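So the structure is just underneath, and the comments pick up after that.
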């Protein structure tokens, strides 16, 4: 039983799935791996955008360059995956082209009028004829206090702002969340390992 629990704990220590039994355990330089541990193991660094010295990590720099930042003379930056998901570069069918090293997306957005779907608003009305044909104080037709009003069908003056008694505003202009459901893990970058060959 203890052996089974130990195996389960070891299996949960990393979300990286090996393609087959006996696969290479040494990581590739620059490889990014998620882990549920609160820290990155020795030889790995948090993917938090930190700057590294080129002189100390020249192999990693030869792969990353300044794609993720740095001056390219004395330092370079690791990818910053804090609060972000990793996405593939290029453009899939019907999708926007994504450039490696670029940042996309945001937590939320506030819709503008042009982004809203076409819609209508209800308008307070009455079956009684108005006592005056003109718009007065933003109300279409004058009625006793508390009685709704409506616009005559032959009205030509459509430039005035309606009084809230006729058509009220709604909504709170609050940001709309854009986040998909996700579980937070720790992303680590391999500082050393096998240099990836193109062939």
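Numbering (our numbering), first residue to last: 308 to 506. Every residue gets a Cβ at the ideal spot worked out from N, C-alpha and C, and that includes glycine. Quantities reported herein were computed from a predicted structural model and do not represent experimental measurements.
Continuous beta strand (DSSP E) stretch holding residue i: start and end
i           : result
residue 383 : 382 to 384
residue 424 : Element bounds for residue 424: n/a, residue is neither H nor E.
residue 352 : 351 to 353
Nearest-angstrom Cβ-Cβ length linking residue i and residue j, presumed shorter than 8 Å
i           : j           : result
residue 341 : residue 493 : 7 Å
residue 509 : residue 360 : This structure cannot settle anything about residue 509, because the visible part of the chain is limited to 308 through 506.
residue 370 : residue 336 : 6 Å
residue 348 : residue 500 : No, residue 348 and residue 500 are not in contact; Cβ-Cβ is about 12 Å, not under 8 Å.
residue 397 : residue 404 : 7 Å
CB contact below 8 Å: residue i versus chain C
i           : result
residue 492 : Chain labels in this structure do not include chain C; a single protein chain is all it has.
Bridge partner(s) assigned by DSSP for residue i
i           : result
residue 358 : 384
residue 494 : 341
residue 416 : 483
residue 499 : The partner list for residue 499 (beta bridge, DSSP) is empty, contrary to what the question assumes.
residue 405 : 397
Where the alpha helix (DSSP H) through residue i begins and ends
i           : result
residue 393 : Note, residue 393: premise wrong, no alpha helix (DSSP H); not H, not E.
residue 371 : 365 to 371
Contacting residues, own chain, Cβ-Cβ under 7 Å from residue i (five flanking each side not counted)
i           : result
residue 374 : 407, 408
residue 366 : 336, 502
residue 482 : 415, 416, 417
Same chain only: Cβ atoms within 6 Å of residue i, ignoring 5 sequence neighbours per side
i           : result
residue 384 : 356, 358, 375, 376, 377
Would you call the region 494 to 505 and the region 333 to 347 in contact, with 3 or more CB pairs under 8 Å? In this structure the region 494 to 505 touches the region 333 to 347; the number of beta carbon pairs closer than 8 Å is three or more.
At a cut of 8 Å, does the region 360 to 371 reach the region 344 to 351 through at least three beta carbon pairs? With the cut-off at 8 Å, the region 360 to 371 and the region 344 to 351 do not touch.
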